[in-house]
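**Student:**
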Amino acid sequence: MSDIQYKEITFTVNGKERSVMIDVRSSLLEVLRNKLHLHSVKKGCEVGECGACTVLIDGEPFDSCIYLAVWAEGKDILTVEGLMGADGSISDIQQAFIDEAAVQCGFCTPGLIMTSYSILADGKRYTRDELRQKLAGNMCRCTGYHNIINAVENIMLKRIEEAEVKDS
Amino acid sequence: MSVGKSIKRVDAFDKVTGRAQYTADLCDERALIAKVLPSTIAHGRVKSMDTSEAEKVKGVVKVITCFEVPQVPFPTAGHPWTTDPEHQDIADRLLLNEHVRYYGDEIALVIAEDEISAKQALDKIMVEYEEYPHVLDPLESMKPGAPLIHEEISPNNVLASSSSRVGNYEEAIKEEGLTKVEGWYHLPTVQHAHLEPNVCYAYMEKERVVVVTSTQIPHIVRRVVGQANCLPWGDVRIVKPYIGGGFGNKQDALWEPLCAFASRSVGGRLVMIDTTREETFVNNRVRHSMHAHLTSWLRPDGSLVARKLKLYSDQGAYASHGHSVTAKAMGSVNQIYPCDNFEADSYTVYTNKQVGGAMRAYGMPQATFFTEAHTEDICQKMNLDPLEFRRKNSMPEGYVDDFSKNVNYYDTYNQLMDKAIEMTDYEEKRKLYAQPQTGPVRRGIGMSLFWYNTGVWPISIETSACRMVLNQDGSIQLQLGETEIGQGADTAFSQMAASAVGIPVEDVNIVSTQDTDVTPFGLGAYASRQTYVAGFSINQTGTLLKERILQNAHRYVRMPVELLDLVNGKIVRKSDGKELMSLCDLALNVLYCHEQGNHITAESTYQVKSNAYSFGVSVAEVEIDIPLCKVEILDICNVHDAGNLINPQTAEAQVHGGMSMSIGYGLYEQLLYDEETGRVLNDNLLDYKLSTSMDHPDMKVAFIENTEPTSPFGTRALGEPPACSPAVAIRNAILQATGVPFNTLPITPQRLYEGFAEAGLLESDFETNSRREHYDRTRDELNHKSQETA
Amino acid sequence: MKYDIKKLYEAGSLDEAISLLEEHPEAKIIAGGSDILISVRAGELAGCTLVSIYGLDDLRGVTLETDGTIRIGSLTSFSNIARNEIINKYIPYLGEAAGSVGGPQVRNIGTIGGNTCNGVTSADTASTLLALDAILEVKGKDGYRSIPIKDWYIKSKLVDLKPTEVQTSILIPKESYEGYFGNYYKYSMRHAMDIATCGCSVNVKLSADKKTVEDVRIAYGVAGPVPLRATTAEAAVKGRAVDLDMLELFSEKVKDDINPRTSWRASKEFRTHLMTELARRCLTESIRRSGGIFQ
Ligand SMILES: Cc1cc2nc3c(=O)[nH]c(=O)nc-3n(C[C@H](O)[C@H](O)[C@H](O)COP(=O)(O)OP(=O)(O)OC[C@H]3O[C@@H](n4cnc5c(N)ncnc54)[C@H](O)[C@@H]3O)c2cc1C
Ligand code: FES
Ligand code: FES
């Protein structure tokens, strides 16, 4: 296997700058899971269909399975591991997934949390249908999406309310 | 009492933080990778295989062909074993098969240092086949002259058949003035599509083989790995971490026997089989496709006089769960609508297709479909009100099933229907939509009932073993062979254990992982048995632990044991509830006592010799755009009677998931085949139409909590039941909206097109006005869409 | 997971990409990879050599040129098209088409260049670009070429792209969109994450009094091996009054142009039925967006 092409990439992962030597044939999923041991990034299909491998790249959700790791050079990557505070606190979205029973087998959960995180980042108000559309790249076989949408909607409304209170 | 409260799932925190470890997360990255070579014919024999080029691929460690595995057939079904050879599961499978029975059948295995090398080697294996004709439909497969799929087991491809006779059908139908209604109903092959594809890894410790795997049934898999590898069962250790869904697919030994064999073939090195989504569709299990023919004879008042069912179930290439699924479906009809004269024959037939196994609700989604579609076909033909029909003919209060001895203790179906009617305005809408609809967009509302069993008694054994270990701080470890597969079992177990022992639920540490070396024997997750069956062993073991705690407490509080109780982690005086000592103090003192140190533990097995009915109803309201051949679900509602709920919030979540699966069964999902080759055409999530978040409306759920008298916690099945009835409620709503009976699932746009074309609905010149109105609606929808994209 | 790629070259500039393609004639271009990587994994392209142009940020973005031409860089992602101001102001129906692709993640990675270079009939943006008479700009070792989209498609999965050529931009001339209103309807089995069973893109230009169809263009995905225009239908209603008869004629006439086939996904008859129905609906909607008045 001497002809394998390697390359060092430098990128920010969950707030920390990392340099890793990678086999250029690797997907970002491979590097995150197997090199950096970020096991929240799940593999459900390897072809961009299920969303279990969703991570944020510069704030936008991508399927890390169909993203070549070499492209991550200089990018800012966020996974569920990166949502935990230094004190072990979790984000309001994660807490909402717990509170709304939006978690069952949990395999889709990290991907869905990352997509939700990006949806709610802009502080805008979306209808339930819009939320459905924005979550449509993440499949879940256990929940029928009902409680997931409840979780995302609740946090959206809560944040909007808090922002309004602050403003006034 | 923590039972009955919506506490948060005990595993939720780990799952939202990515901390929960699934099989692939646990495997050392240095594992060898094993990949199977799938056959490229649906039926035939491997005459020869040349692996020399494959072996030369850099990184390849070993290639194993179908000629090199033990020629000892083994069964794979995740049933409890029986020592009675007559009732054992059929052993018709080898680790790798020289007699190829479906397109994709496993014929060789490459073990390599990495995945790419393994894949490259697979491409280089040269296979010579002797090809036989293949057969993809059970009705074809039963015909004389059809290619034989398992000659050694069946001379006509019928794996098994069974019949049921009640009263006298032939005599009964002679009554004058009866109306006969009959119909064929066709159910598709669908797949579980759990989000985590199957994955397992194996290695050896001393002479024993360890398999870590994504399974629902670790103790059963241990037995099958032993059988397939000709090993004493004690030489096999199975570890089950968190799993990313199973839905019955993982209630089977899937890759574990082969993975164990692979590791054993390379000196016990660590070998992983990490399957693809495509393999999950092709090489695992599916829900049985079925053809059902139902005939009913009725009096003008809608009372049922006689019924006949012929049921043909597509087993696919190997026996797996086999006829159990078909027999369950057959048995359903005469319980939901008991009829004095009933005749049924059912056949489970081998074909050259994906293997039928267990899938959520085990035959009942099929049975519920044909029974309840037929109900509305009867009502349409005889101009009866389906609600009245159901009130009149459905299983009455006090009904007892002869075989299971299950009892309908309450007026359950009427209670359920009343609740569902209230939640959906069923009656008003039914009336409204019964008025002539002429436009291109029409609406309808439909209903369906179902029932389900809890566990497998009396067909098979039902036992559960439980262990509780008291810690120094008064908390306990709880261990069971029953598994968490996403349904929330660990949470329910913790709640029941807390209630049984008398401690706060936070003081129960459930050991989620099953390890057959450590975990007490249990059968695992299937038949919606776990909460009911483990309820007994948890209750018994909890009572035992509590007794031991109180006996020890007696030494410290100097009161007779009979006057003591353990409540919320405190030793109290029964008479007035006075707190005498905390369990924490007691546990610490007892464990480290100089005179009489003692570790308080309890372990016991309970054999359950009862079963329990679980019931429910679905109502669906739909809107059909006839020219577009599209169905939109406007409202969908499930009401269940699963007895007392252990955790209402997780129960409701469970119902959402089942409804979602059934919506897919009704409208979207099916495995499609290339007739010519037998190959699955849509073995991926783009072409297999698993619902996305945009394909569902919000779902309504309610419960009627009639206590189940046989259960210590008053509970009965809930895991699978939600998947039974929504599909046919949707079908019945489409029938009301359009007058067209769709008797083949899923009701795809293509089928709607064919149905509407045949009914002449597509030629109809919809009144210009309604067409206009309709375009306005479409416009609104499009506007809405474009806003979203903007 | 690793892809079976023999060699990967990452181009740092457009010209470097062209010379890499010249040096490695067997190499394939990879943009977002949402087609290519799937084929590599499936084995069709296993062991291939790739030239990645994903890093060429110059080929990203939408600009309005001084002559009113809308220039869309070939690497612009579907998401960026769907939320782009210029697109939403002048050709929102292209935004609709881009917004109908897959799901949010796929829309973030997939590029409009890839959607036209793959030569696929179901490509969601292709029919709208065809209905807009877009011009595709490519650059190769011999410099730039501009190709009208009607000449771009050669056959299924084959487009007029010479060795060493990279598609750089998609241009929508002003006369193609000014005064036109349109919409795209994607018909699929699911509401998201699906390939079109049939895609229909219509745009229309009405007379000043909004009572006459001055021009109309309709293009389909999956009506043939490559995206196609229903020119007979277009010709039949040009100059006609905005009324229901015109609508019926239009939808009837598309049958002369379309040629869908039966596959396991849908039958020819069903697709034909849908295409006539969508012609009617998309034209109605385009007229409505134009402020048109049915007589
Ligand atoms: C899960 C999933 C869902 C999808 N859903 C849809 C959908 O709904 N609708 C749809 O239309 N498509 C869909 N696609 C297909 C795909 O996303 C699109 O075709 C996309 O436009 C491809 O763009 P890309 O940049 O990723 O292409 P690549 O894979 O990088 O390239 C595609 C082809 O175009 C060539 N190419 C790309 N860019 C250039 C260029 N600038 N110059 C010359 N050649 C070039 C490549 O060599 C290759 O042959 C889906 C794909 C996936 C994985
Ligand atoms: S694993 Fe990446 S989308 Fe499924
Ligand atoms: S919780 Fe199991 S797939 Fe979503």
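Residue numbers (the numbering used here), protein chains in the order written: chain A, 1 to 168; chain B, 1001 to 1790; chain C, 2001 to 2295.
Even for Gly, the Cβ is constructed at its ideal location relative to N, Cα and C.
1. Candidates Ile149/A, Arg141/A and Leu36/A: which alpha carbon is nearest Arg18/A's?
2. Any idea what DSSP makes of Tyr1532/B, helix, strand or coil?
3. Out of curiosity, what's the CA-to-CA distance linking Ser2207/C and Gly2068/C?
4. Quick one: which unbroken alpha helix (DSSP H) runs of 4-plus residues sit fully inside the stretch 1317-1390 of chain B? Chain order, please.
5. Any heavy atom of ligand 2 closer than 7 angstroms to the beta-carbon of Cys1724/B?
6. So within the stretch 1668-1754 of chain B, which uninterrupted beta strand (DSSP E) runs reach at least 3 residues, ignoring any that extend past its ends?
7. Identify the residues that DSSP records as bridge partners of Leu2050/C: which are they?
8. So is Lys2006/C in contact with chain B if we call contact Cβ pairs under 8 angstroms?
9. Does DSSP put Ala136/A in a helix, in a strand, or in coil?
10. Please decide whether Asp63/A counts as near chain B, where near means a Cβ-Cβ distance under 8 angstroms.
11. Under a Cβ-count criterion, where at least 16 other Cβ atoms within 10 Å of its own Cβ denotes burial, should Thr1789/B be classed as buried or exposed?
12. On the premise that Ser27/A lies in contact with Tyr2003/C, defined as a C-beta separation below 8 angstroms, what is that separation, rounded to the nearest angstrom?
13. For His1696/B, return the contacting residues in chain A, with the cut-off set at a CB-CB distance below 7 angstroms.
14. Distance check for Gly2182/C and Thr1768/B, CA to CA, integer angstroms please.
15. Rounded to whole angstroms, how far is the Cβ of Leu1095/B from the Cβ of Leu1037/B, which I believe are closer than 8 angstroms?
16. Look at the Cβ atom of Thr1076/B, then the Cβ atom of Asn1198/B, and state whether they are nearer than 8 angstroms.
17. Where in the stretch 1443-1479 of chain B do unbroken runs of the beta strand (DSSP E), each at least 3 residues long, occur, reported from the N-terminal end onward?
18. Got a sec: does ligand 1 put a non-hydrogen atom nearer than 7 angstroms to the Cβ of Ser91/A?
19. Am I right that Met1272/B and Ala1031/B are in contact with their C-beta atoms under 8 angstroms? What's the rounded C-beta distance?
20. List the DSSP bridge partners of Asp1025/B.
21. Could you have a look at Thr1483/B and say whether DSSP puts it in helix, strand or coil?
22. Going by CA-CA distance only, name the one from Val2226/C, Ala2223/C, Ala2192/C and Met2001/C that's closest to His1696/B.
23. Examine the Cβ distances between the stretch 36-49 of chain A and the stretch 1667-1683 of chain B and report whether three or more of them are shorter than 8 angstroms.
24. Helix, strand or coil for Ile149/A per DSSP?
25. Which residues share a DSSP beta bridge with Asp92/A?
26. Compute the minimum distance between the beta carbon of Asp2124/C and the heavy atoms of ligand 1, and state whether it is under 7 angstroms.
27. Give me the chain B residues within the contact set of Ile2195/C, using Cβ-Cβ distance strictly less than 9 angstroms, ordered along the chain.
28. Residues with a Cβ closer than 6 angstroms to any heavy atom of ligand 2, in chain order?
29. Figure out for me which residue from Gly1524/B, Ala1498/B, Arg1269/B and His1656/B has the closest Cα to the Cα of Ile1461/B.
30. In this structure, does DSSP put Lys221/A in helix, strand or coil?
31. Measuring only between beta-carbons, confirm whether Lys1308/B sits less than 8 angstroms from chain A.
32. In terms of residues, what are the limits of the alpha helix (DSSP H) holding Asn2080/C?
33. For Gly2103/C, go through chain A and note every residue whose CB falls closer than 8 angstroms to its CB, in chain order.
34. What is the residue span of the beta strand (DSSP E) that Cys1200/B lies within?
35. Taking the beta strand (DSSP E) that His1291/B belongs to, which residues open and close that run?
36. Can you give me, in chain order, the residues of the stretch 2268-2294 of chain C that have a beta carbon less than 7 angstroms from any beta carbon in chain B?
**Tutor:** Considering the structure as presented:
1. Looking up residue 18/A in the first sequence gives position 18. Nearest C-alpha to Arg18/A: Leu36/A.
2. For the purposes of this step, residue 1532/B is identified with residue 532 of the second sequence, where counting begins at 1. Note: Tyr1532/B maps to helix in three-state DSSP.
3. Translated into positions along the third sequence, residue 2207/C becomes position 207. Translated into positions along the third sequence, residue 2068/C becomes position 68. Answer to the nearest angstrom: the Cα atoms are 21 angstroms apart.
4. 1323-1336 and 1364-1382
5. Residue mapping note: residue 1724/B aligns to position 724 of the second sequence, counting from 1. It does not: the Cβ of Cys1724/B is nowhere closer than 7 angstroms to a heavy atom of ligand 2.
6. 1700-1703
7. In the third sequence, the residue the question calls residue 2050/C occupies position 50. Bridge partners of Leu2050/C: Leu2008/C and Lys2028/C.
8. Locating residue 2006/C in the third sequence gives position 6, counting from the first residue. It does not: the Cβ of Lys2006/C has no partner Cβ on chain B nearer than 8 angstroms.
9. Here residue 136/A refers to the residue found at position 136 when the first sequence is read from its first residue. Note: Ala136/A maps to coil in three-state DSSP.
10. On the first sequence, position 63 is the one that residue 63/A refers to. Not one chain B Cβ lies under 8 angstroms of Asp63/A.
11. Locating residue 1789/B in the second sequence gives position 789, where the first residue counts as 1. Note on Thr1789/B: pLDDT 44, under 50, position unreliable in the model; the coordinate value appears next. By the 10 Å Cβ count, Thr1789/B comes out buried.
12. As a working mapping, residue 2003/C is identified with position 3 in the third sequence. As a working mapping, residue 27/A is identified with position 27 in the first sequence. Going by Cβ atoms, the distance from Tyr2003/C to Ser27/A rounds to 7 angstroms, so yes, they are a contact pair.
13. If you number the second sequence from 1, residue 1696/B lands on position 696. Here the neighbours are Gly144 and Tyr145.
14. To locate residue 1768/B, count along the second sequence from 1; it is residue 768. To locate residue 2182/C, count along the third sequence from 1; it is residue 182. Because the pLDDT of Thr1768/B is 47, which lies under 50, any placement of that residue in the model is unreliable, and the number read from its coordinates should be weighed accordingly. Straight-line Cα distance between these residues: approximately 23 angstroms.
15. Looking up residue 1095/B in the second sequence gives position 95. Looking up residue 1037/B in the second sequence gives position 37. Rounded, the Cβ-Cβ distance is 13 angstroms, inconsistent with contact.
16. Sequence index remark: in the second sequence, residue 1076/B carries index 76 (1-based). Sequence index remark: in the second sequence, residue 1198/B carries index 198 (1-based). Not closer than 8 angstroms, so no.
17. 1463-1470
18. Locating residue 91/A in the first sequence gives position 91, counting from the first residue. No, the Cβ of Ser91/A stays beyond 7 angstroms of every heavy atom of ligand 1.
19. Start at 1 with the first residue of the second sequence, and residue 1272/B comes out as number 272. Start at 1 with the first residue of the second sequence, and residue 1031/B comes out as number 31. 4 angstroms between Cβ atoms; contact.
20. Residue numbering aside, residue 1025/B sits at position 25 when the second sequence is read from its first letter. DSSP, once it has assigned bridges, lists no residue as partnering Asp1025/B.
21. Here residue 1483/B refers to the residue found at position 483 when the second sequence is read from its first residue. DSSP places Thr1483/B in coil when its eight states are reduced to three.
22. What you label residue 1696/B is simply residue 696 of the second sequence in a count that begins at 1. Nearest option by C-alpha distance: Ala2192/C.
23. no
24. As a first step, residue 149/A must be located in the first sequence, where it is residue number 149. Three-state DSSP puts Ile149/A in a helix.
25. As a first step, residue 92/A is located in the first sequence; it is residue number 92 there, counting from the start. For Asp92/A, which the question treats as bridged, DSSP gives no partner whatsoever.
26. Here residue 2124/C refers to the residue found at position 124 when the third sequence is read from its first residue. Within the cutoff, so yes.
27. Sequence index remark: in the third sequence, residue 2195/C carries index 195 (1-based). Those within 9 angstroms of Ile2195/C in chain B are Leu1686 and Asp1687.
28. Lys43/A, Gly44/A, Cys45/A, Glu46/A, Gly48/A, Glu49/A, Cys50/A, Gly51/A, Ala52/A, Cys53/A, Asp63/A and Cys65/A
29. The count along the second sequence starts at 1 and reaches residue 1461/B at position 461. Cα-wise, what sits closest to Ile1461/B is Gly1524/B.
30. Not covered by the structure: residue 221/A. The range shown for chain A is 1 to 168.
31. As a position in the second sequence, residue 1308/B is number 308, starting the count at 1. Closer than 8 angstroms: no.
32. Stepping through the third sequence from its first residue, residue 2080/C is reached at position 80. Per DSSP, Asn2080/C belongs to the alpha helix (DSSP H) from Phe2078 to Ala2082.
33. Sequence index remark: in the third sequence, residue 2103/C carries index 103 (1-based). Within 8 angstroms Cβ-Cβ: Gly51, Ala136, Gly137 and Asn138.
34. Counting from one through the second sequence, the residue named residue 1200/B turns up at place 200. Its beta strand (DSSP E) spans residues Val1199 to Glu1205.
35. Taking the second sequence and counting its residues from 1, the one referred to as residue 1291/B is at position 291. First-last of the beta strand (DSSP E) with His1291/B: Ser1289 to Leu1298.
36. Phe2270, His2273, Glu2277, Arg2281, Thr2284, Glu2285 and Arg2288
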